[in-house]
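See structure below.
Protein chains: 2
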Amino acid sequence: MPRSRRPEYLTLALERISNIGFADVKHWCLRRLPILSWAPRYSLQENLLADTVSGMMLTIQQVAQGVAFAVMSSVHPVFGLYSSLFPPLIYAIFGMSHHVSTGTFAITSLISAGAVERLVTSNKENFTNSSQGFLGLSDFEMQRIGVAAAVTFLGGIIQISMCLLQLGSATLLLSEPVVSSMTTGAATHVVTSQVKYFLGMKTPYISGPLGMFYIIATSLVCYFVDMENVYGINVVGPIPTGIPFPQVPPMDTLTNVVVEAFSFALVGYTVSIFLAHNSAKKFNYRIDENQELLAHGLSNVIPSFLFCIPNAAAPARTFLLYNNGAKTQVACLISCLLVLLVIYAIAPFLYWLPMSVLASIIVVGLKGMLMQFRDLKKYWNVDKYDWVIWVCTYLVTICFAANIGLLFGVVFSVAVSIFRLTRAKTVHGIQVNEDLNEDIKPMHSEYCHKVKVVCVGMPLFFLNVKKFRTEFMEIKNEILSRNCLYKHKETPLLSPVTNGDCAGDVSSDDISTLVIDCSGITFFDFTGAATLAQICMELPNQGTNVLLASCDVSLVDALQYSGFNIKNQLFFDSVKSALIAFTSKERQTTRLEALETSDL
Amino acid sequence: MPRSRRPEYLTLALERISNIGFADVKHWCLRRLPILSWAPRYSLQENLLADTVSGMMLTIQQVAQGVAFAVMSSVHPVFGLYSSLFPPLIYAIFGMSHHVSTGTFAITSLISAGAVERLVTSNKENFTNSSQGFLGLSDFEMQRIGVAAAVTFLGGIIQISMCLLQLGSATLLLSEPVVSSMTTGAATHVVTSQVKYFLGMKTPYISGPLGMFYIIATSLVCYFVDMENVYGINVVGPIPTGIPFPQVPPMDTLTNVVVEAFSFALVGYTVSIFLAHNSAKKFNYRIDENQELLAHGLSNVIPSFLFCIPNAAAPARTFLLYNNGAKTQVACLISCLLVLLVIYAIAPFLYWLPMSVLASIIVVGLKGMLMQFRDLKKYWNVDKYDWVIWVCTYLVTICFAANIGLLFGVVFSVAVSIFRLTRAKTVHGIQVNEDLNEDIKPMHSEYCHKVKVVCVGMPLFFLNVKKFRTEFMEIKNEILSRNCLYKHKETPLLSPVTNGDCAGDVSSDDISTLVIDCSGITFFDFTGAATLAQICMELPNQGTNVLLASCDVSLVDALQYSGFNIKNQLFFDSVKSALIAFTSKERQTTRLEALETSDL
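Spelled out as structure tokens, the structure:
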């Protein structure tokens, strides 16, 4: 039989392949090339003006930040201009966000600067002279951009791999306080790394734990010792014009930049996806995290062949697009055109730009991120736990690095959530006589002192079953004791039928019925099901009958396997039907008792 | 002011110290020495017979397992007898569980065997001759027990430190599938380590990843190659009588056994606390995890001065106590007395006990743990995720070691729970006309097609807000579309008041009101509050009014800080009052409209 089936499967597969029509190909293209879905519907009248204006504004930022972040990355400024041109072009084709502006970014530049300073200054001889006199730049400059391009390439490959592994959904683990504090911490790193340029000094970037403080310290010392150096102002220097011929990034460097590439891939993607989500929420459109991974991966891998430094979406430029009313990625495409113009026409005039101005551009560009300190007040007011997460993640980020801060923040925020889940309320009692609908109320009102409803309001799993057990027992005891009081007070007045019978027989009157409403148990694990089954088995021994309402089929099965003997009359589809069943049973009992009494 | 207050604080502190009376001291002693609370109330008539019988049964196991596990720990058998005597004595004083039987335990013995084999066989010269000819044993034997005692001492210190850090509550993270699979995996390790004794061979214990398989392989090879060795049967050998004089464990070894000590402290405590919890659940008494940590810590630290190997509660002996009806730790104390008798009188006769018999004792003692394979069927039926957790944890345990399996299991089971939480249902809609109580029903029935209730049934935090947003929008759309159908069908029959007015004015009729019942939001973080606030602000723009019911004060504050303008009439203490407010407002509007119509 299986032998005869195999051709069938094959036939099916072949059929499916032959059935792939134009519609499927079109759907796939639209999904993977979002530009195809929005560009044909682009309304020139509505959007072009806003996009052009914001595109022009963006160009100024792209050029200024491109030069500044390239210098920060320890590479020649012209590569910053390339990085402001190619990545936005590719993102506009593959990206889903309408407002995200990719290109150079302070935090990723700082990460790649770590790799460049580490590899090129110390191991100058390790690099082959891959391009002599290319673009009129020295070998030393080409080695530096080689390392930066290697980080870009590997980071992009990592992002594309994450897309192939469908890791986009892990974005779920990033909460706003974590991203906010991590970026603030990274921005603090960047600002402190720029102190030397403000003071006109040149020290290498020192990475590693507590490196930041060492930098600060050196700068201060140098400032007080070498005051006279300040008067000779550093400038950007000569910038070549034109677009370079594509070149493969140095593959022998890849193994040396794995740490930086991972760090850049994670931190860059985190900031980018957060900006994309924010703009999607604000302007009500949808973002696919995996497609974004692909878009950012491609806009790193392809530009790495064109001498680009690591790039990601930058908050400052993205907010600029919001504020100037940009509608689509056309704004970024217009800015790309203008950057191209700058590269061919204006680049040489950037020679006299002082380094300290670049440092100011960087720090001003980070203003938004540093302003996130104000979030602290918001978190304090809304949720103290989030405040603690913010502060701890910030401290870890400034003491170590952005990637470590990010990982710490994710783990810490998940741990805090688990802690809070284990302490969250799981059950609450309902007074039947108060919260019941009319169909059932008149019918059972004479017995309502004998029945109570307890709602389970959370999934039951090993982290909260202990809390569930304690709470359930507390509520049960509270309900039963209240019931006693109520009964003693009300029985003579309200229950004429049971009044006479039960006066002499206290034990039968003590038996109460508890309806457990399981509609809140959206999932359960073995421990949860076993605990519920145990409670259901214990209660009858303590004189309380149990009726289960709104149980899932899987929960009924699980309770059965956990040792709870299934009796169909114990499971009801709703609280209402449980109460109806209880009432009719009580009536029967009362009638039988009445008959017995009359017989006597 | 603060200066004048300081003496006040001091006075208060002094007052509190001077106020410590007999009652406080007594309470502290009862809490830290549980024996004081149960021993005075011990009923000789009720419990003594059962305790004596089960104590005698326990002695046989304690002696047999003591000798067997000591040999397995690569130390002289007499130390196993000591380990069956001192730890249960101390646990009976400090422990809270009535049925747990501490002493030698296969898994902890295997862990300490790793340390002994590693340190004594390879680095014989590293140990000073601390006790020459003591108990008539060779220096080599004394060095071996020295290492085992060092593991015991350090493991106990770690457990006491965990008690001081109040880490007992972390027991919450241990779920039944994880402990079950970890112990089964560890038992598999023990069984495979005993194969050589069944076959009468002697090979060193090889620890480390995949070491288990290497053992098995060697044994099989030896078995087929050295068949003749099998005929010369190994026996236990001479056992000295008497109790040794206390001696400090070799402190210079401590740094070499840190890994084993941690492993033993965690795995031993995990098994012990799980047994204690099980017996507490079965016989309905309370366990304090921190007190248990203290009890197990002390019953390792003190016996480590008396040449004891690492000990913990063993499932086999604990189940023996259950099954023979033991009531209290008196059973263990009786067994201690009998073990003392064995040490002084019967020990020399153990000489001829064959090693293969010991191996059988070990394997039979592990039967219960290996039988846990049957749990797999249970997990498969109740919860597939738990089945996966069991299988993965088991595989990690047998490939690596018990401690790694334990850590993997905890992390994996928590990750699975988070995954399920992010996918759990968060909201459900209520049909107002169906599920409403009688007070409100007649009053609003004419408007009930205009109002719907949505219940939020889970805490809102960053891991599930995305799911919440999607689900909420889906339910909202579903409710609104159903409302439209319902309205179109029912309006002519049921709503005579609105019927005439709204026929010409579709837009005003489209405005629905949504009551969001927040009673299920037991906690929230910033992201959760911000998402809810955003939804509440978006809906009015889409033509749906929002009323919030059963909001916590902190949630109202948080919504306000998240940008949701507070208007007191939007927050209600219950769904009922929200519906009443809605009805009275609708009536006013209808009346005004009617007036306007009549004016026209």
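Each protein sequence line maps, in turn, to chains A and B.
Each residue of the first sequence is one higher than the one before, starting from 39 at the first, in my numbering.
Each residue of the second sequence is one higher than the one before, starting from 39 at the first, in my numbering.
Cβ atoms here follow ideal geometry from the backbone N, Cα and C, with glycine treated the same way.
The structure displayed is predicted, hence computed values, not measured ones.
C-alpha distance - residue i paired with residue j, whole-angstrom precision
i	j	result
Val449/A	Gln367/A	35 Å
Cys346/B	Asn338/B	8 Å
Leu444/B	Phe191/B	22 Å
Ser622/A	Arg629/A	11 Å
Met409/B	Lys415/B	12 Å
Pro353/A	Lys405/A	10 Å
Leu86/A	Arg412/A	35 Å
Val553/A	Leu71/B	41 Å
Glu634/B	Gly581/B	23 Å
Ser310/B	Met289/B	27 Å
Glu512/B	Lys490/B	14 Å
Thr279/B	Gln100/B	17 Å
Phe500/A	Leu498/B	20 Å
Pro578/B	Ser550/B	10 Å
Thr332/B	Met200/B	Before going on, a small fix: residue 332/B reads as Leu here, not Thr. Roughly 8 Å between the two C-alpha positions.
Ile384/A	Pro348/A	24 Å
Gln170/A	Leu157/A	Bear in mind that the predicted position of Gln170/A carries a pLDDT of just 48, short of 50, making it too unreliable to give a figure here.
Asp595/B	Val492/B	21 Å
Within chain A, the residues that residue i reaches when beta carbons sit closer than 7 Å
i	result
Tyr599/B	Lys416, Asn419 and Val420
Arg70/B	Going along chain A, no residue has its Cβ under 7 Å from Arg70/B, so there is no contact; the nearest lies around 23 Å.
Ile253/B	Within 7 Å Cβ-Cβ: nothing; Ile253/B doesn't reach chain A, min ~33 Å.
Ala462/B	Pro497, Thr560 and Phe561
Cβ-Cβ distance between residue i and residue j below 7 Å
i	j	result
Met134/B	Ile325/B	yes
Leu210/A	Ile381/A	no
Leu388/A	Ile281/A	no
Thr142/A	Ser121/A	yes
Gly104/A	Ile372/A	no
Phe562/B	Tyr417/A	no
Phe302/A	Thr146/A	yes
Ser139/B	Thr356/B	yes
Asn362/B	Met110/B	no
Phe117/A	Ala106/A	no
Asn316/B	Gly206/B	no
Interface residues of chain B facing residue i [CB-CB closer than 8 Å]
i	result
Glu214/A	Phe500, Phe564, Thr565 and Ala568
Val452/A	Ile456 and Leu501
Lys504/A	Leu210
Own chain residues within Cβ distance below 7 Å of residue i, not counting five before or after
i	result
Glu298/A	Ile149, Ser150, Gly152, Ala153 and Val189
Tyr430/B	The sequence given here has Cys at residue 430/B, not Tyr. Answer for Cys430/B: Phe450, listed in chain order.
Ser600/B	Ala567, Ala568 and Ala571
Val401/A	Val229 and Gln232
Cys556/B	Val494, Leu586, Ala587, Ser588, Cys589 and Leu593
Thr222/B	Met407, Leu408, Gln410, Phe411 and Tyr432
Contact set between residue i and chain B, taken where Cβ atoms lie within less than 7 Å
i	result
Thr221/A	Residues of chain B passing the Cβ test: none, with the nearest at roughly 16 Å.
Other residues of its chain near residue i: CB distance less than 6 Å, five sequence neighbours each side excluded
i	result
Thr536/B	Its pLDDT being 38, under 50, Thr536/B is placed unreliably in this model, and the value from its coordinates should be taken loosely. If we look at Thr536/B and ignore the five residues flanking it on each side, it has no Cβ neighbours.
Leu203/A	none
Cys374/A	Leu123, Pro126 and Leu127
Pro287/A	Ala187, Ala188, Phe191 and Ser342
Cys574/A	Val584 and Phe602
Neighbour list for residue i in chain A, Cβ cutoff strictly below 8 Å
i	result
Tyr423/B	Asp563
Asp590/B	The premise fails here: Asp590/B is roughly 11 Å from chain A at the closest Cβ pair, so nothing lies under 8 Å.
Where residue i meets chain B, residues with beta-carbon distance less than 9 Å
i	result
Asp595/A	Asn419 and Val420
Under 9 Å by beta carbon: chain A residues contacting residue i
i	result
Gly495/B	Gly495, Met496, Ser557, Gly558 and Thr560
Residues near residue i by beta carbon distance below 8 Å, same chain, minus five either side
i	result
Phe321/B	His136 and His137
Ile198/B	Leu331, Leu332, Gly335, Leu336 and Val339
Subject >> Touching by the beta-carbon criterion (3+ pairs, under 8 Å), the stretch 577-591 of chain A and the stretch 605-621 of chain A >> reply: Judged by Cβ distances under 8 Å, the stretch 577-591 of chain A makes contact with the stretch 605-621 of chain A, as three or more pairs qualify.
Subject >> Contact between the stretch 431-439 of chain A and the stretch 215-228 of chain A (3+ Cβ pairs under 8 Å) >> reply: yes
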